[in-house]
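Chains as they are written, first to last, in the UniProt record's numbering: chain A, 1 to 263; chain B, 1 to 386. Where a beta carbon is used, it is the ideal one built from N, C-alpha and C, also for glycine. The structure appears right after this line, and notes come after that.
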Amino acid sequence: MNIVVCVKQVPDTEAPIRITPDGSGIDETGLTLVMNYYDEHATEAGLRLREQFGGTVTLVSVGPERAREALRTGLAMGADDAVLVSDPALNGADHLGIARVLAAVIKTLPHDAVICGKLSTDDNAATIGAALAEYLGLPQATAVAHLEVDAAGTGAVVHREVEGGVEVVAVPFPALLTVERSLNEPRYPSLPGIMKAKRKEIKILTLENLGLTAAEVGVAAARTALVRLSPPPARKAGRIVEGDTEQAVAAILAFLKDEAKVL
Amino acid sequence: MDFQLTDEHRMIQATVREFATREILPRAAALDHSPTFPAEIIQKAAALGLMGMMVPERFGGAGVDAVSYVLVQEELARASAGVQTIITVNNSLVCDPIAHFGTEEQKRRYLPRLCSGASLGCYCLTEPAYGSDAMSLQTSARRDGGEWVLRGTKIFVTNGVEADICIAYARAGPEPGARGISAFIVEKRFPGISVGKVEKKLGIKCSSTAEIVLDDCRVPASNLLGEPGTGGKIALSTLDGGRLGIAAQAVGIARAALEEATAYAASRQQFGRSIGEFQAIQWMLADMATRTDAARLLMLRAAYLRQQGTRYTREASMAKLFASETAMWTTHKAIQIFGGYGYNQDYPVERYFRDAKITEIYEGTSEVQRLVIARHVLGKNVIGDS
Ligand SMILES: Cc1cc2nc3c(=O)[nH]c(=O)nc-3n(C[C@H](O)[C@H](O)[C@H](O)COP(=O)(O)OP(=O)(O)OC[C@H]3O[C@@H](n4cnc5c(N)ncnc54)[C@H](O)[C@@H]3O)c2cc1C
């Protein structure tokens, strides 16, 4: 089974984010960048399918050269190959543009399953997987929390967490899946894995290599534009309730009922 | 001069930091309060390639360099010095001598299982009457046909309870001192070996420390490690690597103490402000940070020299000596910064303090490290040893 996993490099969710003064982006100085957590789960899903059915796991990313590090992490987890599309003409591209670039790469690779994270923790848009399925003409199942591939590897039955319950969906392969973090527990890259990943070559492609132009996928083709980033409002200071236990409990109950309206 | 870690060093460090923070740290206090062997953690560590880090890949190891090794040991010890002890002994004191001095057959038989976590190793040098003076050990080895027969008692053996593969040192020839000693790979399933008294300790409690009794233990001749009479050399060169692991353990403990004390100094309020605003506390933190960094640099230098294939006995001793005394000093100061809260078990600093003490004792006491260093400073014959 040939599996393609899409990977994005994002700021560590625990790193403090500073927005550039003009609001056009985030200040990357000193920022820790990691593989998007959801993509770790996607990589894990791919590796488990390979363990079950044999075949290969190929990682694909679109991003600046530094995104190579995120791919290196996936290789160290055990993926076979990695491709990075890096092209300055992609600055300002929107999600549909990125999905088209990913589709162009994946069309050149054998793929029985394409696996993406449900979303990336930086943009929170959750659009790439769905758009990519359309561009590839594949059936899709998004937000997969449980994955069962039939013994012959011809399709999957998946559980999707939906409001108030579970939706069970069947998709024939080749298919595109986007995965929830509850799907699995990603493995740590092993030390031998890290040493092997060091020796692997990460292919870097430009738009030209893919037969695409900036006009088709770059900022000119973008159908949304970023207006401004702004930091969340500062958190208000907590309130300390004074008095003995009885009074304090009464005050907290009153607060939960009347002000927070959660009771 | 280039002070940068490589990309692989940083990736290995980050991976093991995350592993240790998520898998070991949350269990460290419980493993200290009710000591049990952390079998599950050791299996996970093995899956990451941490049990035979410097063993070549073809024998199942991770094949990483000595700098990676100490970086990883620091991360493990920062989470739990007890867990790290178990792992560093398997690496430095068991895998290392087999990888360096073993025959191809011995390497193939023992290294893969020591690396995979299927087996655990221990190192049997110390005897009741011979600690610092280990080269006078009296356990005997007598040849009997195709076997060696080992007789004697080893004490304070880390992993002694759980290990199934032991490196044991015994006197196989009439020569006094180091020259009469041979090293053996002894399996626990061989007849005549048993576990005796298990120690109750001040710290590193989840790592067992046991007596190993060799009562006419029969060891196949093919399990002699190295040439007859080279056991002393093997023991000492193994300890150079071991001391790197202990230096890293001490650096990890010191760093843990510094991290906890720094966070506490920022949050604890007295006299209307955080105690970290008092210069007395700032100076302690500054000294803790400086000494910890100095210890880490000595550790990295020794590891770097090993990687270059240069002799690093002096540097390993310096790193072990300075790092262990730094761990002791830093954990002592951390308790001071915590005040009364540091003296009880709700915070981890009292554990760090108890764990730190062992680093000044095993794999050569601080006095023995000074002896080794002085020998290099003064030249061999000035000390008055034979
Ligand atoms: C928890 C733990 C785990 C251990 N694990 C292992 C293990 O896995 N394998 C193993 O073989 N051993 C192990 N040991 C043994 C350890 O290496 C010895 O305890 C150590 O080498 C000191 O020996 P000793 O305890 O006999 O002390 P002694 O040698 O009796 O020393 C007592 C004191 O005298 C000092 N002293 C001794 N000689 C001199 C000298 N020439 N000049 C100045 N001062 C001197 C020492 O520094 C020390 O302060 C372990 C010990 C402990 C406590």
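List the residues of chain B that residue 266 (chain A) touches, going by C-beta distances under 8 Å, in chain order. Absent from the model: residue 266 (chain A). The displayed extent of chain A is 1 to 263, so no value can be given.
I'd like the span of the beta strand (DSSP E) that includes Ile193 (chain B), first residue to last. Start and end: 193-198.
Whose C-alpha, out of A:Ile98, A:Ile115, A:Asp123, A:Asp122, is nearest the C-alpha of residue 312 (chain A)? No answer is possible for residue 312 (chain A): the residues shown for chain A start at 1 and end at 263.
Quick one: does Ser86 (chain A) have its CB under 7 Å from some CB of chain B? No Cβ of chain B is located within less than 7 Å of the beta carbon of Ser86 (chain A).
At 7 Å on the CB atoms, spell out the chain A contacts of Val83 (chain B), in chain order. For Val83 (chain B), no chain A residue has a C-beta closer than 7 Å to its own C-beta; the minimum C-beta separation is roughly 16 Å.
Note down, in chain order, every chain B residue with its Cβ under 8 Å from the Cβ of Arg72 (chain A). Think of a sphere of 8 Å around the beta carbon of Arg72 (chain A): the chain B residues whose beta carbon falls inside it are Asp7, Met11, in chain order.
Hey, quick one: how far does the alpha helix (DSSP H) through Phe338 (chain B) stretch, first residue to last? Phe338 (chain B) -> alpha helix (DSSP H) spans 313-338.
On the DSSP letters alone, give me the boundaries of the alpha helix (DSSP H) that Glu74 (chain B) sits inside. Where Glu74 (chain B) is concerned, the enclosing alpha helix (DSSP H) stretches over 66-79.
Closer than 6 Å: is that where the CB of Glu367 (chain B) sits relative to any heavy atom of ligand 1? Glu367 (chain B) Cβ: within cutoff of ligand 1.
Helix, strand or coil at Val94 (chain B) according to DSSP, with G and I counted as helix: Three-state DSSP puts Val94 (chain B) in a helix.
Alpha-carbon spacing of Leu50 (chain B) relative to Gly252 (chain B), whole angstroms: Leu50 (chain B) and Gly252 (chain B): Cα-Cα distance of roughly 16 Å.
Residue interval of the beta strand (DSSP E) (run including Glu161 (chain A)): Glu161 (chain A) -> beta strand (DSSP E) spans 155-162.
What are the residues of the stretch 64-77 of chain B that lie near chain A, defined by any Cβ-Cβ distance shorter than 9 Å? Result list: Val64, Ser68, Val72.
Please name the residue, chosen from B:Thr331, B:Leu300, B:Val372, B:Gln307, that lies closest to Phe3 (chain B) on a Cα-to-Cα basis. When only C-alpha atoms are compared, the closest one is B:Leu300.
Please determine whether the Cβ atom of Leu31 (chain B) lies at a distance below 6 Å from any heavy atom of ligand 3. This structure lacks ligand 3; the ligands present are ligand 1.
For a quick check, are the C-beta atoms of Thr32 (chain A) and Val5 (chain A) less than 7 Å apart? Not closer than 7 Å, so no.
Cβ of Met195 (chain A) within 7 Å of any chain B Cβ: Contact of Met195 (chain A) with chain B is assigned, a C-beta pair being separated by under 7 Å.
Using a Cβ cut-off of 7 Å (strictly closer), state whether Leu33 (chain A) contacts chain B. Nearest CB-CB separation between Leu33 (chain A) and chain B: not below the 7 Å threshold.
Using a Cβ cut-off of 8 Å, pull out every chain A residue sitting near Asp49 (chain B), in sequence order please. A small correction: the amino acid at residue 49 (chain B) is Gly; Asp does not occupy that position in the sequence shown. Result: Ser190, Leu191, Pro192, Gly193.
Please list the segments of the alpha helix (DSSP H) lying wholly inside the stretch 82-162 of chain B, counting only runs of 4 or more residues, in order along the chain. The stretch 82-162 of chain B contains these whole alpha helix (DSSP H) runs: 96-101, 104-116.
Do Gln369 (chain B) and Ser317 (chain B) count as a contact pair if the criterion is CB distance below 7 Å? Taking C-beta atoms as the reference points, Ser317 (chain B) and Gln369 (chain B) count as a pair closer than 7 Å.
In terms of alpha-carbon separation, which member of A:Leu47, A:Arg228, A:Ser230, A:Ile19 lies closest to Gly30 (chain A)? A:Ile19 is the residue among A:Leu47, A:Arg228, A:Ser230, A:Ile19 whose C-alpha sits nearest the C-alpha of Gly30 (chain A).
Close-in-space but distant-in-sequence residues of the same chain around Ala251 (chain A) (CB under 6 Å, 5 per side omitted): Excluding residues within five positions, the ones whose Cβ falls inside 6 Å are Val241.
May I have a chain-ordered list of the alpha helix (DSSP H) segments no shorter than 4 residues that lie completely inside the stretch 14-78 of chain A? Taking only runs of at least 4 residues, the alpha helix (DSSP H) segments lying wholly in the stretch 14-78 of chain A are 37-53, 68-77.
Can you tell me the Cα-Cα spacing of residue 400 (chain B) and Glu350 (chain B), whole angstroms? Summary: the structure shown does not reach residue 400 (chain B), with chain B confined to residues 1 through 386, and so no result is reported for it.
Using a threshold of 6 Å, is the CB atom of Gly117 (chain A) nearer than that to any non-hydrogen atom of ligand 1? For ligand 1, not one heavy atom lies less than 6 Å from the Cβ of Gly117 (chain A).
Grouping DSSP H, G and I as helix and E and B as strand, with all else coil, what is Asn344 (chain B)? Coil.
Quick check: the Cα distance between Arg17 (chain B) and Lys257 (chain A), rounded to an integer number of angstroms? Cα to Cα, the separation comes out at about 43 Å.
Run the proximity test for Ser132 (chain B): is its beta-carbon closer than 6 Å to any non-hydrogen atom belonging to ligand 1? It does: the Cβ of Ser132 (chain B) is within 6 Å (strictly closer) of some heavy atom of ligand 1.
Compare the C-alpha of Asp27 (chain A) against each of A:Ile17, A:Val34, A:Asn36 and name the closest. The shortest C-alpha to C-alpha distance from Asp27 (chain A) to any of A:Ile17, A:Val34, A:Asn36 is the one to A:Ile17.
Indicate whether at least one CB of chain D lies closer than 7 Å to the CB of Phe271 (chain B). Among the protein chains in the structure shown, which are A and B, there is no chain D.
Which residues does DSSP list as the beta-bridge partners of Asn2 (chain A)? A:Thr56.
7 Å Cβ cut-off: residues of chain A touching Ala62 (chain B): Those within 7 Å of Ala62 (chain B) in chain A are Leu191, Pro192, Met195.
Checking contacts by CB at 7 Å: is Lys198 (chain A) closer than that to chain B? Yes, Lys198 (chain A) counts as interfacial toward chain B.
Min CB distance Thr15 (chain B) to chain A below 7 Å: It does: the Cβ of Thr15 (chain B) has a partner Cβ on chain A nearer than 7 Å.
Anyone know if the C-beta pair for Lys205 (chain B) and Pro97 (chain B) falls short of 7 Å? Their beta carbons are not under 7 Å apart, which means Lys205 (chain B) does not touch Pro97 (chain B) by this criterion.
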